[in-house]
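Participant: Position in the sequence shown (from 1) plus 10 gives the number in the working numbering.
Glycine included, each C-beta is placed from N, C-alpha and C at the ideal position.
The structure presented is a predicted model; accordingly, all values stated were derived computationally and were not measured.
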Amino acid sequence: MGPSIMRWQVGGQASEIVIVGGGVMGSALAYWLTRLEPGLPVTVVERDPTYRAASSALSAASIRQQYTTPVNIGISQWSVKFLRETAEHLAIDDDRPDVGLHEGGYLYLAGTSGAPVLAAAHAIQRAHGADVALLCPAELRERFPWLATDDLVSGSLGLSGEGWFDGYGLLTAFARKARSQGVRYLRAEVVGLERAGDRIGAVRLDDGSRLACGSVVNAAGPWARGVAAMAGIDLPVHARRRTVFVIACRERLERFPLLIDPTGFWIRPEGDRFIAGAVPHEDADDLPLEPDYAPFEAELWPALAARIPAFEAARLERAWAGYYEMNTFDHNAIVGPHPSLANLYFVNGFSGHGLQQAPAVGLALAERITTGRYATIDLAPLGFERILEGRPLLELNVIG
Ligand SMILES: Cc1cc2nc3c(=O)[nH]c(=O)nc-3n(C[C@H](O)[C@H](O)[C@H](O)COP(=O)(O)OP(=O)(O)OC[C@H]3O[C@@H](n4cnc5c(N)ncnc54)[C@H](O)[C@@H]3O)c2cc1C
């Protein structure tokens, strides 16, 4: 047994790293932990192996470089490289998973009021190496002749490193590879965390049993606040429903990116259809996971047709709903140990951009857990401390 494994010995017994939740975060972390330290005892406790309500299965699964904080840009740069090479990283023998990354770009559009923000964001992104271009209306018309540009001042287009992929495919590829590296997936619900001084000593399961642990990771997605509360911790992560509409459009619209309109909607191609969504006016917690169709006809469709006239003849085919795990404090992820409970880690609150961040965040947190330090990417700006100290990490580009 190597010295690294010795670190996981407590009282002469190997102590488990228990991950609560086996969505993309829990599974990416489990993969990286056992990739960095083969033989590390890791258990993922997942209450629903079908992932029926998990965000990772209901996501729009897109990736952008267009953030305004260096930490988010760094995470995306690293994650897109991983997504391009998923087949190598997550292969099991000859089975090479394909997550279908399509680098179609994000296009943020701005009118008079939004243009200065877009220009400021662009300067930050360029300074941190993002491959983005700021386009004027004539350049937008040239690239996207199907776009109405009369009210636009500029558009910011990702030239590489942005697009969309198979999010559920990424989750299952991480989970299968993690299992092949010895991670145990346990079908159970975590119903309690047992505190022993400034540590968590065990997790309690819904069948009445308990799992002693060396560390616990809260990877419970939209339900993370409930898991934190089991340790008496207030985590500002709320389950906020988002509806995704699947739309058919007869016309062929070339080079269609993921477009974000100044009115607040987003749309991108999905196979030979499109998917689209918008920020709801009412945003209560824990609404039932049923799509809210009303805004489509009332608001989304008119806004879509105004921006892309071909959508006047579009047809709504169906819709689904999933939860954003919304960090209501500052809309950014909360990653790392709790300052006063050193063996309880968080990987929560991704607020609509978790799938794309999972490859890099999983690696960085695995480094933090196994060595006590971040190496590949410093995620300290995403630490829990900022919540306790009231220091929000402000990001200009949030897609509600
Ligand atoms: C409509 C929509 C669009 C999105 N679009 C994008 C996008 O374009 N790009 C992007 O990067 N991200 C996007 N996201 C966000 C992304 O999907 C999430 O950030 C990511 O999937 C979160 O992964 P997770 O593993 O933390 O959570 P989940 O996938 O929800 O997994 C959490 C798991 O924990 C389990 N669990 C919870 N509590 C317990 C417990 N007590 N015991 C045992 N198990 C438990 C649950 O069953 C669940 O399987 C979108 C999300 C939605 C809903």
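Three Cβ pairs or more, each shorter than 8 Å: is that satisfied between the stretch 94-109 and the stretch 182-190?
Facilitator: Touching, yes.
Participant: Considering only DSSP beta bridges, list what Y118 is partnered with.
Facilitator: Locating residue 118 in the sequence shown gives position 108, where the first residue counts as 1. Answer is S166, I270.
Participant: Does DSSP classify L365 as helix, strand or coil?
Facilitator: Sequence index remark: in the sequence shown, residue 365 carries index 355 (1-based). Helix, per DSSP.
Participant: CA-CA distance, P301 and P48?
Facilitator: Start at 1 with the first residue of the sequence shown, and residue 301 comes out as number 291. Start at 1 with the first residue of the sequence shown, and residue 48 comes out as number 38. Going by the C-alpha atoms only, they are around 42 Å apart.
Participant: Counting C-beta neighbours from all protein chains within 10 Å, is the total for E265 16 or more, i.e. buried, or is it exposed?
Facilitator: If you number the sequence shown from 1, residue 265 lands on position 255. The sequence shown places Arg at residue 265, not Glu. Exposed.
Participant: Quick check on Y384: does DSSP put it in helix, strand or coil?
Facilitator: In the sequence shown, residue 384 corresponds to position 374, counting from 1. Of the three classes helix, strand and coil, the one that applies to Y384 here is coil, per DSSP.
Participant: Got a sec, what are the start and stop residues for the beta strand (DSSP E) S69 sits in?
Facilitator: Position 59 of the sequence shown, counting from 1, holds the residue named residue 69. Run containing S69: none; DSSP gives neither H nor E here.
Participant: Quick one: what's W330 bridged to in DSSP?
Facilitator: Indexing the sequence shown from 1 puts residue 330 at position 320. Paired residues: V254.
Participant: Hey, out of D105, A188, R106, whose CA is closest to P51's CA?
Facilitator: The count along the sequence shown starts at 1 and reaches residue 51 at position 41. That would be A188, whose Cα lies nearest to the Cα of P51.
Participant: Tell me the residue span of the alpha helix (DSSP H) that contains S350.
Facilitator: To locate residue 350, count along the sequence shown from 1; it is residue 340. Segment: none, S350 is in no alpha helix (DSSP H) and carries neither H nor E.
Participant: With distances taken from CA atoms, which of L68, V227, R45, G139 is nearest L27?
Facilitator: Reading the sequence shown from its first residue, position 17 is the one you call residue 27. The sequence given here places Ile at residue 27; Leu does not occur at that position. Considering only alpha carbons, the answer is V227.
Participant: Let me check understanding here. Comparing Cα to Cα, which of L46, N342, E395 lies closest to Q191?
Facilitator: Residue numbering aside, residue 191 sits at position 181 when the sequence shown is read from its first letter. Of L46, N342, E395, the residue nearest in Cα terms is L46.
Participant: Which same chain residues end up closer than 6 Å to P147 when comparing Cβ atoms and leaving out the 5 residues on each side of it in sequence?
Facilitator: As a working mapping, residue 147 is identified with position 137 in the sequence shown. Here the set comprises T159, L162.
Participant: Rounded to whole angstroms, how far is the Cβ of Q87 from the Cβ of G139, which I believe are closer than 8 Å?
Facilitator: In the sequence shown, counting from the first residue as 1, residue 87 sits at position 77. In the sequence shown, counting from the first residue as 1, residue 139 sits at position 129. With 8 Å as the limit, Q87 and G139 qualify as a contact, their Cβ atoms being about 7 Å apart.
Participant: To the nearest angstrom, how far is the alpha carbon of G242 from that of P305?
Facilitator: Position 232 of the sequence shown, counting from 1, holds the residue named residue 242. Position 295 of the sequence shown, counting from 1, holds the residue named residue 305. In a straight line, the C-alpha of G242 is about 38 Å away from that of P305.
Participant: Compute the beta-carbon to beta-carbon distance between P402 and F339, rounded to the nearest angstrom, for a pair I have assumed lies under 8 Å.
Facilitator: Here residue 402 refers to the residue found at position 392 when the sequence shown is read from its first residue. Here residue 339 refers to the residue found at position 329 when the sequence shown is read from its first residue. With 8 Å as the limit, P402 and F339 qualify as a contact, their Cβ atoms being about 6 Å apart.
Participant: When the Cα of A230 is compared with those of P279, Y334, I102, which residue comes out closest?
Facilitator: Along the sequence shown, read from residue 1 onward, the residue named residue 230 stands at position 220. That would be Y334, whose Cα lies nearest to the Cα of A230.
Participant: Going by alpha carbons, who is nearest to E399 out of H348, R383, A374, F360?
Facilitator: Mapped onto the sequence shown, residue 399 falls at position 389. That would be H348, whose Cα lies nearest to the Cα of E399.
Participant: Give the range of the alpha helix (DSSP H) segment to which S37 is assigned.
Facilitator: Here residue 37 corresponds to residue number 27 of the sequence shown, with the count starting at 1. Its alpha helix (DSSP H) spans residues 34-46.
Participant: CA-CA distance, C259 and D216?
Facilitator: Locating residue 259 in the sequence shown gives position 249, counting from the first residue. Locating residue 216 in the sequence shown gives position 206, counting from the first residue. Between C259 and D216, the C-alpha separation is close to 47 Å.
Participant: Residue range of the beta strand (DSSP E) that A143 falls in?
Facilitator: Residue 143 sits at position 133 when you count from the first residue of the sequence shown. Segment 142-145, the beta strand (DSSP E) holding A143.
Participant: Taking only heavy atoms of ligand 1 into account, decide whether any of them is closer than 8 Å to the Cβ of W174.
Facilitator: Translated into the one-based positions of the sequence shown, residue 174 becomes position 164. Checking every heavy atom of ligand 1 against the Cβ of W174, one is found closer than 8 Å.
Participant: Does the beta-carbon of L310 have 16 or more other beta-carbons within 10 angstroms, so that it is buried, or is it exposed?
Facilitator: In the sequence shown, the residue the question calls residue 310 occupies position 300. That one is buried.
Participant: Beta-carbon within less than 8 Å of S350's beta-carbon, same chain only, minus the 5 sequence neighbours each way: which residues are those?
Facilitator: Against the sequence shown, residue 350 aligns to sequence position 340. The answer, listed in chain order, is D208.
Participant: Can you tell me whether H248 is buried or exposed, with buried defined as 16 or more other CB within 10 angstroms of its CB?
Facilitator: As a first step, residue 248 is located in the sequence shown; it is residue number 238 there, counting from the start. Answer is buried; the Cβ neighbour count reaches 16.
Participant: So which of R220, A313, F321, L43 has the shortest CA-CA distance to D261?
Facilitator: On the sequence shown, position 251 is the one that residue 261 refers to. According to the sequence shown, residue 261 is Glu rather than Asp. The residue with the shortest Cα to Cα distance from E261 is F321.
Participant: Check whether the stretch 25-44 and the stretch 375-382 are in contact - that is, three or more C-beta pairs closer than 8 Å.
Facilitator: Yes, the stretch 25-44 is in contact with the stretch 375-382.
Participant: State the Cα-Cα distance for the pair I285 and G236, rounded to the nearest angstrom.
Facilitator: Here residue 285 is taken as the residue at index 275 of the sequence shown, counted from 1. Here residue 236 is taken as the residue at index 226 of the sequence shown, counted from 1. Roughly 31 Å between the two C-alpha positions.
Participant: Compute every distance between the C-beta of P267 and the non-hydrogen atoms of ligand 1, then say whether any falls below 8 Å.
Facilitator: Residue numbering aside, residue 267 sits at position 257 when the sequence shown is read from its first letter. No, the Cβ of P267 stays beyond 8 Å of every heavy atom of ligand 1.
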